[in-house]
Structures are given as C-alpha cells and as structure tokens.
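Asker:
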Amino acid sequence: MKIFIEAILIVLLLLVFFQDLKFRAIHIVLPILIAILGIVILFARPYPFIVILYNSIFLVITLGGLYLYLLIKQRKPVNPFKSIGLGDILFFFAVVPYLSNTNYILFFISGMLFSIVSFLIMKIVSKTNLVPLAGLLALYMVFLRFISYFTVFDFYENFFI
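The numbers in the sequence shown follow my numbering, run straight up by one, and end at 161.
1) Considering Cα atoms alone, identify which of Ile5, Val11, Leu33 is closest to Phe91.
2) Alpha carbon to alpha carbon, how far is Ile52 from Lys76?
3) When you compare only the Cα positions, how much space is there between Asp165 and Pro48?
4) Taking contact to mean at least 3 C-beta pairs separated by less than 8 angstroms, is the segment 137–145 in contact with the segment 9–20?
5) So, at 8 angstroms on beta carbons, what are the nonlocal neighbours of Ile161 in its own chain, with the 5 sequence-adjacent residues on each side left out?
6) Quick one: what's got a C-beta closer than 6 angstroms to Phe119's C-beta in the same chain, skipping five residues either side?
7) Quick one: is Gln19 buried, meaning 16 or more other Cβ sit within 10 Å of its Cβ, or exposed?
8) First and last residue of the alpha helix (DSSP H) that includes Val11?
9) Within the same chain, show all residues whose beta-carbon is closer than 6 angstroms to that of Ala94, passing over the 5 residues directly before and after it, in chain order.
10) Give every residue of the same chain whose Cβ lies closer than 6 angstroms to the Cβ of Leu13, excluding the five residues on either side of it in the sequence, and list them in chain order.
11) Do the CB positions of Ile5 and Val16 come within less than 8 angstroms of each other?
12) Helix, strand or coil for Lys82? Go by DSSP, reduced to three states.
13) What separation, rounded to the nearest whole angstrom, lies between the Cα atoms of Leu59 and Lys127?
14) Look up Lys127 in the DSSP assignment and say whether it is helix, strand or coil.
15) Pick helix, strand or coil for Ser110, following the three-state DSSP scheme.
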C-alpha cells in the first residue's frame, strides 16, 4: 500500500512539474491531492499532527515577510500574487505534511536554490522571464523521494539540522 501511495505522489508531483512548465500555472486539484496524500502518510507514521501546524506557521511568517518586503519596496499596498503565484503558495502548503519541521525549512531554502539554478538554465534555453516555482519544487521533491528510496535517508525521519 505504501508503494502505491508513493507512486501516486510521484505521478502528482510530475504532473505539477509538467503543467507548470507548459502553462506556468497548476490546477488547484493537484496541490489538494498532494496534501491529502501527505496527511494520509503522516497518519501512517507515529509523528504528531502538530508538525503541520509548525510548518504552516513557518510558511505564513515567510509569506508575511515577503509581503512586508514588497510593501516597503513599492511604498504602497501591493498584490503579493504578482510576485509569487497562488499555485506556488498552495504547493508550499501541500508539501507541509511530508517533512519534519527542520527538514521543511531545509527543503524551503534548498528548493529555492534549486529553483534559481534551474531557472537560470531554463532561461538560457527558452528565454522566459516567468519562474515555474511550483513545478521546479515538485521536481526537486521527486529527486528527494528517489534519494530516500536508494539511500538510508528519509527526509521526514532524519534531521539534517
């Protein structure tokens, strides 16, 4: 059963990647399904549900910081969805149940670095100015899942910080 759920997760993440790469948007159903699978996986493990709350608080604080940065930079109220898409934010919340608190912060930071490097490579090839953030983070999460299959590291159970 675990392999089946993991396979569905990988397929959903790859759908997010390809959809965001092609359309620069993702369908709202994909992050919802990813979140539901994450909650199912979380309940199958002996970890507290409070992990979702802590990771969500980190994400809300980070997005609040982004809003304050944009507010100070523009010197007037701004729409934060012009700098980061709603699908990107939904994807960040969807992957909350998959990682422990410290690993979520590490995923957030390293995923942003992965996205920057990937976008710079994509920009050379396709001359685009739009970053498919949710798609690149989904691809990054697929890489992390494969690493956990072939090594002893589980990015939920192991603490790297």
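Yeah, the Cβ is synthetic: ideal placement off N, Cα and C, and Gly gets one too.
Answerer: According to the structure data:
1) Leu33
2) 33 angstroms
3) There is simply no residue 165 to check, as the chain begins at 1 and stops at 161 in what is shown.
4) yes
5) A caution first: Ile161 carries a pLDDT of 49, below 50, which makes its placement in the model too unreliable to give a value.
6) Taken in chain order, the residues that qualify are Val131.
7) buried
8) 2–23
9) Pro31, Ile34, Ala35
10) Ala138, Met141, Val142
11) no
12) helix
13) 30 angstroms
14) coil
15) helix
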